[in-house]
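Asks: With the sequence shown counted from 1, adding 34 to any position gets you my numbering.
Quick one: the structure is below, and I'll ask about it shortly.
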Amino acid sequence: MIFEHHILYFKPHCPYCERVLEFCRRNSVSLVMKNISTDRSAFEELVQVGGKSQVPCLVHGGKALYESQDIIEYFVDKIEKER
Ligand SMILES: N[C@@H](CCC(=O)N[C@@H](CS)C(=O)NCC(=O)O)C(=O)O
Numbered sequence: 035m036i037f038e039h040h041i042l043y044f045k046p047h048c049p050y051c052e053r054v055l056e057f058c059r060r061n062s063v064s065l066v067m068k069n070i071s072t073d074r075s076a077f078e079e080l081v082q083v084g085g086k087s088q089v090p091c092l093v094h095g096g097k098a099l100y101e102s103q104d105i106i107e108y109f110v111d112k113i114e115k116e117r
């Protein structure tokens, strides 16, 4: 499923990010992903929208969702509604 206008901020070696990334891979969730450890402007963008640099973070419509479990539940909900 394509999630337009959604951005997932992550960094490598983060177990919480890996949980969300694995969910995306397994469920064919397609969206823009930005690695804040290699992309300085993505890091700044994240802090500007969400107020902190914690990852994973899903940004959509100017809102930041920070908890990995909440992000996965958000995707599950959207996928189920699509069925
Ligand atoms: N409870 C959060 C934990 C996320 C977390 O601790 N992320 C770490 C990286 S593994 C982080 O971003 N720490 C830096 C910060 O909080 O700015 C979740 O499940 O997503």
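Glycine is no exception: its CB is placed at the ideal position from the N, C-alpha and C atoms.
If you measure from the CB of residue 87, is any heavy atom of ligand 1 nearer than 7 Å?
Replies: The residue you call residue 87 lines up with position 53 of the sequence shown. Yes - ligand 1 has a heavy atom lying nearer than 7 Å to the Cβ of residue 87.
Asks: Quick one: give me the first and last residue of the beta strand (DSSP E) that residue 113 is part of.
Replies: By 1-based counting over the sequence shown, the position of residue 113 is 79. First-last for residue 113: 102-116, but that is the alpha helix (DSSP H), not the beta strand (DSSP E).
Asks: List, from N- to C-terminal side, the beta strand (DSSP E) runs of 3 residues or more that fit wholly inside the stretch 49-91.
Replies: Within the stretch 49-91, the complete beta strand (DSSP E) runs of at least 3 residues fall at 64-69.
Asks: Exposed or buried, residue 47, counting other C-beta atoms within 10 Å across all chains shown (16 or more means buried)?
Replies: Residue numbering aside, residue 47 sits at position 13 when the sequence shown is read from its first letter. A residue is called buried once 16 or more other Cβ atoms fall within 10 Å of its Cβ, and residue 47, having fewer, is exposed.
Asks: Confirm, please, whether the CB-CB distance from residue 93 to residue 81 is below 8 Å.
Replies: Here residue 81 refers to the residue found at position 47 when the sequence shown is read from its first residue. Here residue 93 refers to the residue found at position 59 when the sequence shown is read from its first residue. Their beta carbons are not under 8 Å apart, which means residue 81 does not touch residue 93 by this criterion.
Asks: With respect to 7 Å, is the separation between the Cβ of residue 46 and the closest non-hydrogen atom of ligand 1 below this value?
Replies: For the purposes of this step, residue 46 is identified with residue 12 of the sequence shown, where counting begins at 1. Because no heavy atom of ligand 1 lies under 7 Å away, the Cβ of residue 46 does not count as near it: no.
Asks: Using beta-carbon positions only, say whether residue 41 and residue 68 come within less than 8 Å of one another.
Replies: To locate residue 41, count along the sequence shown from 1; it is residue 7. To locate residue 68, count along the sequence shown from 1; it is residue 34. Less than 8 Å divides the Cβ of residue 41 from the Cβ of residue 68.
Asks: With respect to the beta strand (DSSP E) encompassing residue 97, which residues constitute its N-terminal and C-terminal limits?
Replies: For this step, residue 97 is matched to residue 63 along the sequence shown. Per DSSP, residue 97 is one residue of the beta strand (DSSP E) stretching across 97-99.
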